[in-house]
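Here the structure comes first, spelled out in structure tokens, and everything after it is commentary.
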Amino acid sequence: MSTTCQCSNGTAGVFAGNASCCCRRINWFTFNPACSFTSDAFVSNLLKGSIAEAENRHYRLPNSVPPGTGEQMALLLKHPDQPEHSKVLKVAIIGSPNAGKSTLSNQLLGRKVFAVSTKVHTTRKRALGVLTEDDTQIILLDTPGLTTPSKVKRHQLEKSLLLDPWRTVTEADLIVVMVDVSDRWMCRRLDFEVLKCLARHPSIPAVLVLNKVDEVKVKDKLLDVTAELTCGVVNGQKLRIRPVIKPSLVGRRPGRDREESQDQDAAEPGDAADGDEYALSKEQLKTLMSQKGWPHFKDVFMLSSLDKEDVGTLKHYLMSAAKSGTWQYHSEVLTDQSPEEMCINMIREKLLENLPQEVPYSLTQSIEFWDTDGKGQLNILVKIHTKKETHMRMVIGTSGQMIARIAQETSEQLTSIFLRQVKLRLSVKMQK
Ligand SMILES: Nc1nc2c(ncn2[C@@H]2O[C@H](COP(=O)(O)OP(=O)(O)OP(=O)(O)O)[C@@H](O)[C@H]2O)c(=O)[nH]1
Ligand SMILES: [Mg+2]
Numbered sequence: 001m002s003t004t005c006q007c008s009n010g011t012a013g014v015f016a017g018n019a020s021c022c023c024r025r026i027n028w029f030t031f032n033p034a035c036s037f038t039s040d041a042f043v044s045n046l047l048k049g050s051i052a053e054a055e056n057r058h059y060r061l062p063n064s065v066p067p068g069t070g071e072q073m074a075l076l077l078k079h080p081d082q083p084e085h086s087k088v089l090k091v092a093i094i095g096s097p098n099a100g101k102s103t104l105s106n107q108l109l110g111r112k113v114f115a116v117s118t119k120v121h122t123t124r125k126r127a128l129g130v131l132t133e134d135d136t137q138i139i140l141l142d143t144p145g146l147t148t149p150s151k152v153k154r155h156q157l158e159k160s161l162l163l164d165p166w167r168t169v170t171e172a173d174l175i176v177v178m179v180d181v182s183d184r185w186m187c188r189r190l191d192f193e194v195l196k197c198l199a200r201h202p203s204i205p206a207v208l209v210l211n212k213v214d215e216v217k218v219k220d221k222l223l224d225v226t227a228e229l230t231c232g233v234v235n236g237q238k239l240r241i242r243p244v245i246k247p248s249l250v251g252r253r254p255g256r257d258r259e260e261s262q263d264q265d266a267a268e269p270g271d272a273a274d275g276d277e278y279a280l281s282k283e284q285l286k287t288l289m290s291q292k293g294w295p296h297f298k299d300v301f302m303l304s305s306l307d308k309e310d311v312g313t314l315k316h317y318l319m320s321a322a323k324s325g326t327w328q329y330h331s332e333v334l335t336d337q338s339p340e341e342m343c344i345n346m347i348r349e350k351l352l353e354n355l356p357q358e359v360p361y362s363l364t365q366s367i368e369f370w371d372t373d374g375k376g377q378l379n380i381l382v383k384i385h386t387k388k389e390t391h392m393r394m395v396i397g398t399s400g401q402m403i404a405r406i407a408q409e410t411s412e413q414l415t416s417i418f419l420r421q422v423k424l425r426l427s428v429k430m431q432k
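Just so you know, the UniProt record's numbering puts 394 at position 394 of the sequence shown, and the rest follows in order with no gaps.
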């Protein structure tokens, strides 16, 4: 079974996989529509819920990260080795917590450099990944999930969760908005924080990525979601989608969820503030409140970030969108995170994955020892701080099994990031 869509210009095509509507040419860059309307094979795979591994593909071996801050700094400052006709694109990946932003960034880079977990707020501050192929450099800006001041306060999260996504967008050439379509609340309307972020920067092109399509059983639903989240308009073209949007959903007033998501805090990053050139007025905010989607997306992609082939199509799109310009980094750079930051982030990932709901959020870590020995092995000692004895016991686990597992799993991950043997030891300390 396949689903079709029609644009108002009369062209029609299969609307699935990495579909963007039937937009042949958009103002900002020219894009080959072969990528927008995918092969029957792709669609049939998508509808089956799985996509075969790409065959006969040659991937460039991805870069690794130096194991010392000094070497990493030197690499970041190294003069870019750009070719004569260099191209560049800075892409900010934004969205609600847990939408799959870091998973997508890792998959695009071809190597895991960003922490990923099933729990929200895994990413705590903006970090970048660099993808350099041939004459093109894509700078991926992975951001914390957009949240509100009251949530940050309530869960005692870092301020960077509040500020970084907004700051990151200002430096982007393209915004990728990620939505988790397996979450039925998320796909009813765009998160208000996301909408505000887009409204503050209407001149920066944005594309919508519907992620986790592998979790969606009824693929027709993706068309409804697309219509809702784009207000039925993509790249200035009105979508005519069959089956039509359910009448019950059309014109529904902002519901309880939107009202509930409104923050009580006075100063939100998207609100008007003195001296903020991007601030939205009260009227603009009011209009946004009644909006379910963003009618200015240039394209829509439907994909599973876990799937190499899906992500390959988006990567191709980004590569095609790059503009002539000087590279910002040497082609050997993979990320701007320091080795220590990456270690802390990966430990946080394992804590989030292995400990129950609120426990990992109350833990902090400090690096006590970091040294590469004569054999090239990186030896690290990290202390985990906790305020509760019960949490300490949970981190240690029965006979120390939990802490040993976290150390082992993180060591393996760091070994593949730094491309050398890593031995990580963990200890837990009660904080007064
Ligand atoms: N089934 C499925 N799971 C996915 C997909 N993409 C991401 N995930 C899972 O979704 C969870 C969240 O992924 P992250 O990449 O950490 O999400 P994030 O948006 O970076 O989250 P924050 O950093 O907390 O804002 C992880 O368990 C991922 O494995 C997908 O396409 N399909
Ligand atoms: Mg993340």
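Backbone N, C-alpha and C define an ideal beta-carbon position, used for all residues, glycine too.
C-beta contact flag for residue i and residue j at 7 Å
i	j	result
residue 300	residue 226	yes
residue 208	residue 181	no
residue 289	residue 136	no
residue 177	residue 206	yes
residue 355	residue 394	yes
residue 92	residue 179	no
residue 161	residue 144	yes
residue 392	residue 386	yes
residue 104	residue 304	no
residue 334	residue 67	no
residue 417	residue 65	yes
residue 119	residue 352	yes
residue 77	residue 336	no
residue 203	residue 142	no
Best match in the options for proximity to residue i [C-alpha to C-alpha]
i	options	result
residue 314	79, 325, 302	302
residue 228	183, 160, 295	295
residue 94	196, 80, 86	196
residue 370	362, 381, 327	381
residue 423	343, 430, 357, 401	343
residue 384	361, 374, 143	361
residue 81	366, 218, 134, 418	134
residue 307	69, 123, 106, 220	106
residue 166	153, 139, 126	126
residue 114	83, 414, 428, 419	414
residue 155	357, 428, 73, 84	357
residue 100	292, 419, 84, 215	215
Pairwise C-alpha distance: residue j and residue i
i	j	result
residue 240	residue 234	11 Å
residue 157	residue 359	13 Å
residue 172	residue 188	27 Å
residue 223	residue 213	12 Å
residue 338	residue 345	11 Å
residue 149	residue 365	24 Å
residue 96	residue 87	30 Å
residue 79	residue 373	29 Å
residue 412	residue 421	8 Å
residue 193	residue 124	17 Å
residue 153	residue 297	32 Å
residue 284	residue 201	13 Å
residue 231	residue 221	15 Å
residue 121	residue 186	16 Å
residue 138	residue 401	41 Å
residue 51	residue 410	Note that residue 51 scores a pLDDT of 34, beneath 50, so its modelled location is shaky and nothing firm can be said.
residue 71	residue 375	18 Å
residue 132	residue 282	42 Å
residue 428	residue 110	33 Å
residue 287	residue 73	45 Å
residue 84	residue 69	31 Å
residue 238	residue 151	36 Å
8 Å contact criterion, which residue i and residue j should meet: CB distance rounded
i	j	result
residue 116	residue 349	6 Å
residue 146	residue 191	6 Å
residue 332	residue 63	5 Å
residue 89	residue 322	4 Å
residue 347	residue 406	7 Å
residue 430	residue 368	With 8 Å as the limit, residue 430 and residue 368 do not qualify as a contact, their Cβ atoms being about 16 Å apart.
residue 140	residue 330	16 Å between Cβ atoms; not a contact.
Considering only heavy atoms of ligand 2 and the C-beta of each residue, which residues fall inside 7 Å, strictly closer?
That gives 101, 102, 114, 115, 116, 122, 123, 142, 144, 145.
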